[in-house]
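Since the structure comes first, as structure tokens, the remarks are kept for the end.
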Amino acid sequence: MWWGGVMKEYSIAKSSRIERLINNLFEKIPEIESDRARLITESYKKTEGEPIIKRRSKDFSHILRNIPITIRKDELIVGSATKEPRSCQVFPEFSYEWLEGEFDTIEKRNADPFYISKENKNILNEVYKYWRGKTTSELATSYMAPEAITAIEHNIFTPGNYYYNGIGHVTVQYEKVLEIGYEGIIEQVKKELSRCNIGDMDYIKKSNFLHAVIQSCEAVIYYANRYSKLALKMANETSDKFRKGELLKIASNCARVPAKGATNFYEACQSFWFIQMLLQIESSGHSISPGRFDQYMYPYYKKDIKSGKLTKEFAQELMDCIWVKLNDLNKVRDSISAEGFAGYGLFQNLIAGGQNADGLDVTNDISYMSIEASMHVMLPQPSLSVRVWNGTPHDLLIKAAKLTRTGSGLPAYYNDEVIIPSLLNRGLTLADAREYNIIGCVEPQKSGKTDGWHDAAFFNMCRPLELVFSNGYDNGIKVGVETGDVTIMNSFEEFYDAYKKQMEYCIGLLVNADNAIDIAHRERCPLPYLSCMIDDCIRKGKSVQEGGAIYNFTGPQGFGIANMADSLYAIKKIVFDEKKVTLKEYKEALENNYGEELSVNKIEELIKEVIRELISKGEAIDKEIVINIAKSISEQGIGLNQKERYKNLLELIDSVPKFGNDIKEVDEFARDVAYIYTKPLQNFKNPRGGQYQAGLYPVSANVPLGAQTGATPDGRLAYRPIADGVSPAAGRDINGPTAAANSVAKIDHGIASNGTLFNQKFHPSVLNGVTGLEAFVSFIRGYFDQKGSHIQFNVVSKEMLLDAQKYPEKYKTLVVRVAGYSALFTSLSRSLQDDIINRTEQKSF
């Protein structure tokens, strides 16, 4: 045994170790640390004028040689990005202004608060002086068309993910590092360098990139050796015999990996963790997804089990430790983005099961143990997923269903029979498509070959409909195109065509913004460490950001399909088919929020808009004028309860069939609405030479972006959440889960090759006993047989969620499914908690 006599004591310490590691994570609020920001600034000041790729590898090396390191109590897998658990570093090269502006509020904000000490504030304030005018976000803004900036300002879409942060959203070649280590990669790079001729037209750029890769790999090896020395020092200082043995083994592991290939399962686990954690020190991009962990880890497990050097129990313990470590990583976002990604989400997607390149099922022991690890730790990370096809073992799905029954929102389920053809349609080979994994929330890609730019923007499909009613204007500013006075449109086709024109125009602006951000990352923040684990960067001599990957995509996601389908169908039925209301009356109802009282903040906003207009005309403003404006707004019914005035219209809207109830004519509308976003988008190219591909999912942005959206013709009130993903609007799917699934399956999931998201919520009683589990698995199979792509579940009662809102201290470890990820319920904003509570609760199949 690896640990000799200490292994005998292993089973005694096992269960309490994981519990202690978890408790240590949640002892206090996460902190913002300044070490990385300080170190990268030191390096950048010394490398002014050098090629950017050299600066990036030099700063990465400087960080890894000097950033504080720590081995937390009880850890078997080591390596931490921060001194304190669940804390985070910051990345000024991407953006900093938002954090600087939130120093005094970030600890008390609604979503994902962080503590920041006075000392770290002072350090960052000094650091940020250097970065003014040097960030990717500033460069991206300078490249955007003015119209695109206007659309962002008016909440048509938001590209904030990569606008302010690193890219992430990738799965690298973990298997390559496990096999040959970074010393092996360095040898590959040196061979490629030897093939370069100094007179080659690309010699300068290629050689600079390859030297940057070598320096980055050497820095990682040095960093791991720092941990080896620290573990040895701690072993020599402890009097605890058991812990001494653990630390000596840790020291041995870190001395070998990831410099060299792993020789056993424990070394493979440690090597994996260094890769996972260091990718998130190089760049602030989230959704660094472990991918097919069960495939690249299984050979080491199988060999050690067969030789008797490893017990399944100890292997499970190591995996449990990795699962805990995945929750130690964290990221700070601006307050608006934090609402959209609420729950300290890092979206590290790890998937089990599925096929190999030859189309054979490759479920193995690690597939089952991955599910078991999630059961043991009951934490949001990793975002566990399961691949499903007709060759998936029934036992794996039953095991997954047992995890679903715990209420953690894990795992999510993905359909090979839809995703593999959709990737083939995007140019992947059959072998690569069969070996897909999921990135972040729901985005498929082939690991180690893809720069997918998933989650590139959130596109609010409801806002272009508002532009139809306002003829392309928003608060007096032209945002869309002029499609005519809606009140005199004579047919539904004319109205629908206006919506399509607004959508097409806004999609073009989104592409402009994303391409500007793409170029900014290429020019200011290439990532040599990440790139050395993506084909074909080494051979091409290009970073991922320059198009070095084999497959290059950009995947912005649209959401609000259910609202749009229900809205357009309602307008067709009650305005044009039945002629029970006019578009003029509809427009008035939307402007007045169906007679609901608007918030004080909204009234203040309306007053400010009028005042701004008066000022622009040169008119003086005094107290009496403000009073008169407020009085005028009130007289128009804004801010007053006028429900009765619109009661008849709301009853008409309510009587119209809704998406999610297996009603053909409505479901076909939803399919067509999805096409209005997905089809035009795929015609665009990105600066890396790749194609745009649509996703249909919101993360959790349907709540904060809904708060920026007026009333919609489906009866949704202003500033309320928009429907998430391809799911029916909350409370509108009244015919049971099978009917809802039948409706969702009618959308073309294949064309939305960047992923679709379908949420379902079940009362816990539905999955009771063996019968409940079998029915649940049959439900998933039935949905996938109809070409649904993805489905995920919350299995928790409404009563429990309401109690958790009221008494959060009793539910500190309650994990729920938010969107394409799970999170601690009590860490979510109140509005997002309400959105989850209000989802339709199914009580039978």
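Just so you know, full-length UniProt numbering puts 258 at position 258 of the sequence shown, and the rest follows in order with no gaps. Glycine included, every Cβ here is placed at the ideal spot set by N, Cα and C.
- Here L247 carries a helix assignment [DSSP, helix/strand/coil].
- Shortest Cα-Cα distance from G160 to any of E138, G181, V172, V170 involves E138.
- For I439, there is no enclosing alpha helix (DSSP H); the enclosing beta strand (DSSP E) has its first and last residue at 436-439.
- The C-alpha of L410 is placed about 26 Å away from the C-alpha of V78.
- Here K249 is buried. Its C-beta has 16 or more other C-beta atoms within 10 Å.
- Excluding the 5 residues flanking it on each side, G480 has same chain C-beta neighbours closer than 7 Å at P464, L467, G472, Q502, Y505, C506, in chain order.
- Q805: member of the alpha helix (DSSP H) spanning 798-806, first to last residue.
- According to DSSP, residue pairing for E841 in a beta bridge involves K761.
- Around the beta carbon of T363, 16 or more other beta carbons lie within 10 angstroms, which makes this residue buried.
- Nearest to E93 by C-alpha distance, out of R434, S470, L509, R522, is R522.
- Here T263 is exposed, its C-beta having fewer than 16 other C-beta atoms within 10 Å.
- In the DSSP assignment, N460 falls within the beta strand (DSSP E) that extends over 454-460.
- The alpha-carbon separation between E218 and M144 amounts to approximately 37 Å.
- The stretch 79-93 and the stretch 235-253 do not touch, with fewer than 3 CB-CB distances between them shorter than 8 Å.
- DSSP places K176 within a helical segment (H, G or I) once states are collapsed to three.
- With a cut-off of 8 Å on Cβ pairs, the stretch 450-458 is not in contact with the stretch 476-493, counting fewer than three such pairs.
- A check of alpha carbon separations from R405 across N794, G508, I185, S252 identifies N794 as the nearest.
- Cβ-Cβ distances below 7 Å link G440 to H169, S287, S289, F347, N349, H454, D455, G820 in the same chain, with the five nearest sequence neighbours on each side left out; the list follows chain order.
- The three-state secondary structure of I32, taken from DSSP, is strand.
- D395 counts as exposed, since fewer than 16 other C-beta atoms from the protein chains shown sit within 10 angstroms of its C-beta.
- Sequence-distant partners of K206 (beyond 5 residues in either direction) whose C-beta falls short of 7 Å from its own C-beta, in its chain, are C196, G541.
- Cβ neighbours of A412 within its own chain (closer than 6 Å, five residues either side excluded): S385, Q792.
- Excluding residues up to 5 positions away in sequence, I561, L696, V744, I747, T756, L757, F758 lie with their Cβ nearer than 7 Å to the Cβ of V726 in the same chain.
- If you keep only unbroken alpha helix (DSSP H) runs of at least 4 residues inside the stretch 57-134, you get 97-102, 118-131.
- Taking the C-beta atoms as reference points, V656 is found nearer than 8 Å to Y569.
- Rounded to whole angstroms, P421 and V818 show a C-alpha spacing of 28 Å.
- With respect to the 8 Å criterion, I52 and F209 are not classified as neighbours on the basis of their beta carbons.
- Distance between G340 and A707, taken at the CA atoms: about 11 Å.
- Collapsing the DSSP output to three states places Q348 in coil.
- Spatial neighbours of A338 in its own chain (CB-CB distance under 6 Å, excluding positions within 5 residues in sequence) are listed in chain order as A111, D112.
- Secondary structure note for N742: it is in no beta strand (DSSP E), and the uninterrupted alpha helix (DSSP H) holding it is 737-745.
- Boundaries of the beta strand (DSSP E) around E443: 443-446.
- Across the structure, T678 and A752 are spaced so that their CA atoms are roughly 6 Å apart.
- Taking the C-beta atoms as reference points, W273 is found nearer than 8 Å to I322.
- Assignment of beta-bridge partners to K478 by DSSP yields Y473.
- Burial is judged here by how many other beta carbons sit within 10 angstroms of a residue's own beta carbon; K45 has fewer than 16 and is exposed.
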